[in-house]
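Residue numbers (the numbering used here), protein chains in the order written: chain D, 1 to 338; chain Z, 339 to 676; chain L, 677 to 1014; chain U, 1015 to 1352.
C-beta: ideal position from N, C-alpha, C; glycine also.
4 protein chains.
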Amino acid sequence: MIVVMKPKFTKDQMEAAIRVMEAGGVKVMVSQGSETTILGAEGNAAGIDREKLAQLPGVERVMRVSEPYKLANRKYHPDDTVINLPNGAAVGGKRLAVFAGPCSVESRDQIVSVAKRVRDAGACALRGGAFKPRTSPYAFQGMGTDGIRLLCEARAETGLPVVSEILSTEDLDLFEEHVDVIQIGARNMQNFDLLKHMGQVSKPILLKRGLSSTIEEWLMSAEYIMAAGNHRVILCERGIRTFETFTRNTLDLSAVLAVKRQSHLPVVVDPSHACGQAWMVERMALAAAAAGADGLIIEVHNDPEHALCDGQQSLTPDQFDQLMAKLRPVAACVGREV
Amino acid sequence: MIVVMKPKFTKDQMEAAIRVMEAGGVKVMVSQGSETTILGAEGNAAGIDREKLAQLPGVERVMRVSEPYKLANRKYHPDDTVINLPNGAAVGGKRLAVFAGPCSVESRDQIVSVAKRVRDAGACALRGGAFKPRTSPYAFQGMGTDGIRLLCEARAETGLPVVSEILSTEDLDLFEEHVDVIQIGARNMQNFDLLKHMGQVSKPILLKRGLSSTIEEWLMSAEYIMAAGNHRVILCERGIRTFETFTRNTLDLSAVLAVKRQSHLPVVVDPSHACGQAWMVERMALAAAAAGADGLIIEVHNDPEHALCDGQQSLTPDQFDQLMAKLRPVAACVGREV
Amino acid sequence: MIVVMKPKFTKDQMEAAIRVMEAGGVKVMVSQGSETTILGAEGNAAGIDREKLAQLPGVERVMRVSEPYKLANRKYHPDDTVINLPNGAAVGGKRLAVFAGPCSVESRDQIVSVAKRVRDAGACALRGGAFKPRTSPYAFQGMGTDGIRLLCEARAETGLPVVSEILSTEDLDLFEEHVDVIQIGARNMQNFDLLKHMGQVSKPILLKRGLSSTIEEWLMSAEYIMAAGNHRVILCERGIRTFETFTRNTLDLSAVLAVKRQSHLPVVVDPSHACGQAWMVERMALAAAAAGADGLIIEVHNDPEHALCDGQQSLTPDQFDQLMAKLRPVAACVGREV
Amino acid sequence: MIVVMKPKFTKDQMEAAIRVMEAGGVKVMVSQGSETTILGAEGNAAGIDREKLAQLPGVERVMRVSEPYKLANRKYHPDDTVINLPNGAAVGGKRLAVFAGPCSVESRDQIVSVAKRVRDAGACALRGGAFKPRTSPYAFQGMGTDGIRLLCEARAETGLPVVSEILSTEDLDLFEEHVDVIQIGARNMQNFDLLKHMGQVSKPILLKRGLSSTIEEWLMSAEYIMAAGNHRVILCERGIRTFETFTRNTLDLSAVLAVKRQSHLPVVVDPSHACGQAWMVERMALAAAAAGADGLIIEVHNDPEHALCDGQQSLTPDQFDQLMAKLRPVAACVGREV
């Protein structure tokens, strides 16, 4: 961290600034020129109260040199984090992790039949929504606890671990008991209360990027979970809001590269939500693999035309088979397996 | 709602589409041209499952003609909603409602002294954060329950009702018992679980606009609270995220006009969070009044330089006095009082 | 400017960095700590090739402390710039400058009748488009040279100076001869060729902010014009692109405050283009005045329903009369006249 | 196009609306329900003056059903457009077209040596900037005419056609004579005067997407060039502005899919400008190929550390060799050659 003093600062003001910096656990290097005086922090500046510093009289500007996240930072944890799933699959290793399934659990037949198909095609986990965050209070809100129960039945039938989104801390016990990977949706990426609770569960967390969040904010949300005790965080790029309306969101594949450089956490890509249109999913999935994603989340529905939610962006099981077939050679080009 | 059929649709497909529309409680008007066939909904289309309709085979496009919100819609509730506060003040009437106070409650002295000053200057409620949503898990997270207790003491001393942000449903009883207006912060605007719980409390809700949300999404979040039973929602424009970095956010004053046309709910403006810089607050407060806001939320701190949070954007009590003095004539220009 | 060296840099690398900085005309202050080494520029760093510096080996980061614009910077020109118009009016002084007129010049009758009405209501200049930048090549492109001729006739009848947008350097002589204030539209804000040519005309330039441009980019475009020789630049805030679709653009009134702090150039506000809806214009005009704008640009059309362009956002002359009547007391509240 | 009439419209108003529609060359289908009356256009609605229609009294809303572009529209031109280059290469066919070269032409040695290397690695054209659009008037503006001359020398040495950006219509003859593909930069995407002139040259145009433009606006700019007579337009996705600051821009690969569905024009991708960092270019280039791009534009510099412009994002010739080697198998996965 670097502090630039105002052109006309007093000695007292500089000393006050130094005290705030030292209170954050760093040594301070003072560099006084004829026009500009700079205070440089030696050591990890994450503990400095940056805001307090910025509003001191005499302080012109506080500039960060290092990232505000520590536990999620690759600097302090150079090796890739690999997160193991109960069925022996893993996220973050050489093999791409593909999570697939319907937007919403709708019935036993639906979820079991989709689960079988995606397992046979090579998916390593079943995704399915039981609690749905819908923009309208009048839209289908998911099957709730019954949906979780049906996911468990599909797991029993197929051996696939299940991934599902949590909306409320009231459902913590339910998810802790029955769900294998707990998803935090984009709209809850900065629901800090929920994040803190995620730090206390024993399951990996799939943290979706917020609709308009920066990579740094996303990693800070991962940091919340990690600082609260759970280091098993899988990041998920699912498209950001831009001015483009042709696609539901804009898939930001360079974020995959950026996150993998800045952090050791694995990153998966959800082209279904990003694009919002089934015909785009296959190509964007291939592009995600080429870019270096650690995995994919793909919406698959046995009958997209009658899906209760997001049918437009769901692949049929046959289309998913085809996607997986095309994914293998592309993954191989970048040294990965499927 | 208008449905455009694809150029080559079948009779069965059209009938399927009509069935979905009729299931939503409308009559359907069919208009068949030589090239284009259109289905028009007669009546309130809010009950139609738009997504389901859109993914039917044979359907080219579904276009909404009316708004997806009902309870918040001025069409069905032409008169302005006025929300009364315990001290006789009101939000949404002729008199501008000014909520003022520090970003965070820090001590009894601080909150009581600020409360007295802002009451004397004409504020009708005291705002103060006890639970703070911070981007970093390492930043000051607020005094919590103690902060709420201090707000109550400040209320006892001044008679001002208190406004504070809730982050967790675990604190519902605390807020229901002690807080007069419960604030939902921008990052929780689409925390649908929290919104549903807000429908069940007996206090007015101050709903801040999400960082990148559209007016429609904001009103849909109000609709969530209202549909769950609480019709006393105050909307708060607090700036949206744009590419501009000079200001913390970009205050969208045309949203005030837009919301007041579309909805009967009162709208207040928070220039402190929008601009992020104390020197801008007065002018933007005047502009908000000129634009037609029903009130303002202003950060006031007895000692901004040593504030634990957001000191840069806080006014001193003296600056707040001056703002209120300048606000009166501007409000008068547009037929309002302060 | 501050340069942070990488943790493991060589002496040669640091010397190379110092040479690049010194070549930009500054003295360099070296501050070596045990972990961090910083190079600070003493003096005006605007001449340093920042990009070159940033890509030197051994350089971790280059941070700007001062603004990249000089001629437009209030630091080096503390007094407000006031731009005089031929009829004795001025932009940037105590009196608000109101430019009014139709989006497009359509006929002699139209432009002359509107000109008379807006002059009588207190406008100080007539705006009217002769060359129109339209998103579609099939839309009305303006009357061209004939439009300019009609503007001259309206000026002859009313004494109002005329403001019109230039699209092509081929029309430079035409504009230099006949137009009093030459407008650069939002889509051309970074048409650097056109900006350079604007530096060589003798008329004031009205520079609209680009659709998604930052304040700094906007001021850098002003700097282009000024560096090429024309210091008479009027900035115009006309709304920026955001995710909100209710309004055509989002009027950024805090930009008025920001620009006036950073620059000495006058700033006017165009609520008509920002909002895109006539019913919003009056209120946003009052808000702009309260925020501190130096003037307004208002679309006025004698018959908005039959306007060839932007009729939806045009006021009638009667509505403009009313706006001006309401503007006076608001302007007075902030120490301005109309 | 569909027109929804207001709840209480008059017969005259409806007839006026019908007249405007018919004047645009369509037949009008009237559909009167008890609450809603709709006018539907039969036939191509691109000729209808939509804005005029929208502001008629009695008209509630005008909704577009079809795209506003015709010449660029795949509907009316189902086959892919293939654009041939003088050296027998083509853009839009089975073989990916790779344009490579430095951001700026700096010297004969530089441009010739880079040209040889990129040709040997498989590039089909040499890109190099002679006229540079720089945000700052004080930054290097390019070698100008001398740069074009050096490009010609590099072409003479290597046989590679040259691609360069035009900024000014004053340089039209120069470009028409010496440049093989004329580039319109992102900042000039809506410089309609320049676009119209591009319609009159005999060379293919490389049209970069604007910084914040939608796909529709981009295609409308292509339509400008095509409507003015030049149908040889190559679209270039180069990243859009988002809130993310880690990358210079955000590469929108789903735009490649979208554009290829909506239009028959070829689309190439520029990962260098999008990411702004050399280490990201290879991966994003592979992703672009996987997504279905027709080609790539890659910045290659013989000595990036001393480049006068954009060195941070330039590959060395060796890195470019490696990129091409990795590109081949990925392209093969999606049925393309390099």
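If the cut is a Cβ gap below 8 Å, which residues of chain U does residue i touch?
i, result
"Ile-522 (chain Z)", "Those do not exist, as Ile-522 (chain Z) stays about 22 Å from chain U at its closest Cβ, beyond 8 Å."
Can you say whether residue i is buried or exposed, counting buried as having 16 or more other CB atoms within 10 angstroms of its CB?
i, result
"Pro-754 (chain L)", "exposed"
"Gly-430 (chain Z)", "buried"
"Lys-884 (chain L)", "buried"
"His-639 (chain Z)", "buried"
"Gln-200 (chain D)", "exposed"
"His-1320 (chain U)", "exposed"
"Gly-466 (chain Z)", "buried"
"Trp-894 (chain L)", "buried"
"Arg-1014 (chain U)", "In the structure displayed, chain U extends from 1015 to 1352; residue 1014 (chain U) sits before or after that span and is not available."
"Asn-587 (chain Z)", "buried"
"Asn-1098 (chain U)", "exposed"
"Ser-164 (chain D)", "buried"
"Glu-1013 (chain L)", "exposed"
"Arg-959 (chain L)", "buried"
Please state whether DSSP places residue i in a helix, a strand or coil.
i, result
"Ile-724 (chain L)", "coil"
"Lys-884 (chain L)", "strand"
"Arg-336 (chain D)", "coil"
"Ser-1227 (chain U)", "coil"
"Glu-691 (chain L)", "helix"
"Val-1006 (chain L)", "helix"
"Val-201 (chain D)", "coil"
"Asn-1316 (chain U)", "coil"
"Thr-729 (chain L)", "According to the sequence as given, residue 729 (chain L) is Leu; it is not Thr. Helix at Leu-729 (chain L)."
"Val-1105 (chain U)", "strand"
"Asn-188 (chain D)", "helix"
"Val-794 (chain L)", "helix"
"Glu-444 (chain Z)", "coil"
"Leu-1208 (chain U)", "helix"
What span of residues does the alpha helix (DSSP H) with residue i cover, start to end?
i, result
"Ala-38 (chain D)", "A small fix is needed here, since residue 38 (chain D) is Ile in this sequence, not Ala. Per DSSP, Ile-38 (chain D) belongs to no alpha helix (DSSP H); it is in the beta strand (DSSP E), 37-42."
"Ala-1086 (chain U)", "Careful: Ala-1086 (chain U) lies outside any alpha helix (DSSP H) and carries neither H nor E."
"Ser-272 (chain D)", "271-275"
"Arg-1078 (chain U)", "Where Arg-1078 (chain U) is concerned, there is no enclosing alpha helix (DSSP H), given that its DSSP letter is neither H nor E."
"Glu-1190 (chain U)", "1186-1192"
Which residues in chain U have a C-beta closer than 7 Å to the C-beta of residue i? List them in chain order.
i, result
"Phe-581 (chain Z)", "Arg-1255"
"Thr-811 (chain L)", "Glu-1231, Met-1234"
Could you spell out the range, first to last residue, of the beta strand (DSSP E) harbouring residue i?
i, result
"Met-1113 (chain U)", "It is Phe, not Met, that sits at residue 1113 (chain U) in the sequence shown. From DSSP, the beta strand (DSSP E) with Phe-1113 (chain U) extends over 1111-1115."
"Glu-282 (chain D)", "Note, Glu-282 (chain D): premise wrong, no beta strand (DSSP E); alpha helix (DSSP H) at 278-291."
"Val-181 (chain D)", "181-184"
"Gln-32 (chain D)", "27-32"
"Val-3 (chain D)", "2-5"
Show which residues of chain L have a CB atom less than 8 Å away from the CB atom of residue i.
i, result
"Arg-1201 (chain U)", "Gln-866, Asn-867, Phe-868"
Who are the neighbours of residue i on chain D, taking C-beta pairs under 8 Å?
i, result
"Gly-649 (chain Z)", "Glu-51, Lys-52, Gln-55"
"Ala-1304 (chain U)", "Arg-283, Leu-286, Ala-287, Ala-289, Ala-290, Val-330"
Chain Z partners of residue i, CB-CB under 8 Å?
i, result
"Val-1073 (chain U)", "Within chain Z, no residue comes near Val-1073 (chain U); the closest Cβ sits about 13 Å away, beyond 8 Å."
Which residues in chain Z have a C-beta closer than 9 Å to the C-beta of residue i? List them in chain order.
i, result
"Tyr-138 (chain D)", "Ala-384, Gly-385, Pro-406, Lys-408, Glu-561, Ala-565"
Give a yes or no on whether the minimum CB-CB distance between residue i and chain B is below 8 Å.
i, result
"Thr-1159 (chain U)", "Among the protein chains of the structure shown, namely D, Z, L and U, there is no chain B."
If the cut is a Cβ gap below 7 Å, which residues of chain L does residue i touch?
i, result
"Ala-596 (chain Z)", "Phe-922, Thr-923"
- Query: At what residue ranges does the stretch 1134-1182 of chain U contain a whole run of the alpha helix (DSSP H), taking only runs of 4 or more?
  - Reply: 1159-1172
- Item | Contiguous beta strand (DSSP E) assignments of at least 3 residues, all confined to the stretch 211-260 of chain D | 233-237
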